[in-house]
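I have placed the structure first, in the form of structure tokens, so that the comments after it can refer back to it.
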Amino acid sequence: MKIRFLFLHLKKIIKETKRSMSSEPLFTEIHSLCQQQPTIKCQNRKFLAGSTSKDFPETLPKFVHHDFKAIKITHKHRCQDIKRLGVAMRPALDSMFKAKKSAVLIKGLPISVGKDFHDFVEGCAYKAMTYESGSGFRAAVDDLVYTASDEPPPFSIEPHNEMSYLSKFPQKIIFCCLSTADKGGESPIVFNRDLIKKIKPEVLNKFRAKGIRYSRNLKHRKNTDYISWQSTFYTEEEKEAEKKMSKEGFQWEWKANGDVTIWYQQPAFYELANSGEEVWFNQMTANHCSYYKSHPMFADRAEDLPAHEYPYHCCYGDGEEIENDVMDHIRSVAWKNAMSLTLLPGDVLILDNLLCQHSRIGYEGGDRRILVFLGEHTNR
């Protein structure tokens with residue numbers, strides 16, 4: 001009799017659990033993220049551009065921005081096919097971004113390898129774009145996914161909007177963490193609406209009037225282990241590269257050794273199509289020679305290499321060099337307003353690339369692996 005009672009009681013519990021799980025929401029919101037943020041040293045950090053400036057923050061502030069949302073996939077739904085999860089998440093993501101969220105962190109996804117991430121973004125159905133003409137050091141993993149960055153581990157990558165130095169760029173950028181570093185490797189984010197409020201008005205006005213002239217020195221593949229014009233333009237042929245440069249509005253000059261120098265101009269701002277709002281949108285800090293003076297590959301030449309001989313450089317649109325104090329000011333403002341964020345294995349971070357910048361803190365040890373998807377091609 002007692003055994004029968006226990007059996008019926010257990011059966012009731014299982015039935016109630018199934019009923020509870022069937023009504024379980026797709027995800028729940030996370031409210032405790034601030035407590036999990038690490039202390040990240042910034043001032044005088046080695047291989048971090050501008051960190052010796054007197055206004056540079058000693059550490060990153062710990063806060064959760066009002067334009068950021070963190071969610072966790074509920075237990076039942078973690079068992080679903082990952083592509084179907086992407087399909088199910090898309091309407092919810094659209095609603096979040098429509099509600100003026102600029103960054104969404106998803107935890108609890110059943111992602112452990114690159115193929116899982118590929119299937120998730122395929123399910124989300126954001127229209128993919130390639131990284132052609134991009135300036136970052138990264139590699140294609142498959143037809144949808146790239147490595148986030150292949151820069152040396154100690155190097156800290158400044159906050160930036162993806163491909164904001166071009167006339168075409170992704171509106172959505174999605175990161176996925178597969179593995180972490182032993183120390184460092186955090187992924188702080190910065191919100192563009194904060195920057196345009198905090199950068200000095202006279203600095204903003206000068207960039208409005210003059211714009212930005214970007215230049216790049218792209219080596220032939222045979223002359224470098226770093227970024228080449230072949231990897232940038234997805235071709236081995238000079239004529240094909242010229243067609244692509246012309247399409248982008250670049251000017252160029254070939255060198256006798258097969259290298260090429262390119263230059264072109266872009267605005268420092270972008271006007272949002274749905275509202276007409278002006279946002280700070282460029283990559284002047286991460287495309288300036290001072291960025292590379294803090295790079296492990298160029299640190300031993302920081303004193304003798306002219307600005308125009310670094311891989312990238314930029315100045316005002318009329319050719320005037322951007323003042324050192326202006327560079328320091330913009331970098332300090334960005335890092336003072338950066339939200340500390342650590343991505344753990346399986347985490348997916350989705351950003352509105354027009355409104356939210358991403359970055360990377362240098363790291364030590366471990367096999368840190370972050371992948372990225374670029375989506376929703378947008379033009380100036």
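For the sequence shown, full-length UniProt numbering gives the first residue as 1, with consecutive numbering after it.
We put the CB at the ideal spot given by N, CA and C, even for glycine.
(Q) For SER102 and ILE173, I'd like the C-alpha separation in whole angstroms. (A) 11 angstroms
Q: From the DSSP output, in three-state form, read off ARG90 for me.
A: It is helical.
Q | Buried versus exposed call for GLN171 [16 or more other C-beta atoms within 10 Å across all chains shown] | A | buried
Q. Assuming TYR270 and ARG360 make a contact with CB atoms under 8 angstroms, what is their CB distance in whole Å?
A. The C-beta separation of TYR270 from ARG360 comes to about 23 angstroms, leaving the pair out of contact by the 8 angstroms criterion.
Q: Please state whether DSSP places MET21 in a helix, a strand or coil.
A: Only weak support exists for where MET21 lies, its pLDDT of 41 falling under 50; the value from the coordinates is given anyway. Secondary structure at MET21: helix, using DSSP grouped into helix, strand and coil.
Q) Taking ASP244 as the reference, which of ARG90, HIS358, ASN282 and PHE233 has the closest Cα? A) It should be noted that the sequence gives Lys, not Asp, for residue 244. Considering only alpha carbons, the answer is PHE233.
Q | Three-state secondary structure assigned by DSSP to GLN283 | A | coil
Q: Kindly list the residues whose CB is nearer than 6 angstroms to the CB of PRO57, restricted to its own chain and excluding five residues on each side of it in sequence; keep chain order.
A: CYS42, TRP335 and LYS336
Q. How far does the beta strand (DSSP E) with ALA103 in it reach, from first residue to last?
A. 103-107 is the extent of the beta strand (DSSP E) around ALA103.
Q) What is the rounded straight-line gap between the Cα of LYS210 and the Cα of LEU355? A) 22 angstroms
Q: Run the CB neighbour count on ARG331, radius 10 Å, all protein chains shown included, and call it buried at 16 or more, exposed below.
A: buried
Q.
Counting C-beta neighbours from all protein chains within 10 Å, is the total for GLY362 16 or more, i.e. buried, or is it exposed?
A. Answer is buried; the Cβ neighbour count reaches 16.
Q: Note down the Cα distance separating THR59 from SER164, rounded to an integer number of angstroms.
A: CA-to-CA, the gap between THR59 and SER164 works out to about 27 angstroms.
Q.
Short of 6 angstroms in beta carbon distance, which residues of its chain neighbour ASN353, apart from the five on each side in sequence? Order them along the chain.
A. ASN161, GLU162, PRO170, GLN171 and ILE173
Q. Is the beta carbon of LEU26 sitting closer than 7 angstroms to the one on CYS176?
A. no
**Q.** Three-state class that DSSP yields for MET339 in the structure shown
**A.** MET339: strand per DSSP, three-state reduction.
Q: Provide the residue span of the alpha helix (DSSP H) that contains GLU253, from first to last.
A: No alpha helix (DSSP H) holds GLU253; the beta strand (DSSP E) holding it covers 251-254.
Q. Grouping DSSP H, G and I as helix and E and B as strand, with all else coil, what is ARG45?
A. coil
**Q.** Residue nearest to CYS315 in terms of C-alpha spacing, selected from ALA268, VAL348 and GLU277
**A.** ALA268
Q) Quick one: Cα of LEU374 to Cα of VAL121, how far? A) Whole-angstrom Cα-Cα distance: 10 angstroms.
Q: Find the nearest neighbour of VAL190 within the set GLY114, GLU237 and HIS65, judged by alpha-carbon distance.
A: Comparing alpha-carbon positions, the option among GLY114, GLU237 and HIS65 lying closest to VAL190 turns out to be HIS65.
Q | ASN217 in three-state terms, based on DSSP | A | strand
Q) Are the CB atoms of GLY114 and VAL141 nearer to each other than 7 angstroms? A) yes
**Q.** ASN324 classed as buried or exposed, judged by whether at least 16 other C-beta atoms fall within 10 angstroms
**A.** exposed
Q. Going by the beta-carbon positions, is the gap between GLN80 and SER340 smaller than 7 angstroms?
A. no
Q) Within 10 angstroms of its Cβ, does MET21 collect 16 or more other Cβ (buried), or is it exposed? A) Note that MET21 scores a pLDDT of 41, beneath 50, so its modelled location is shaky; the value from the coordinates is reported in the next line. Classification for MET21: exposed.
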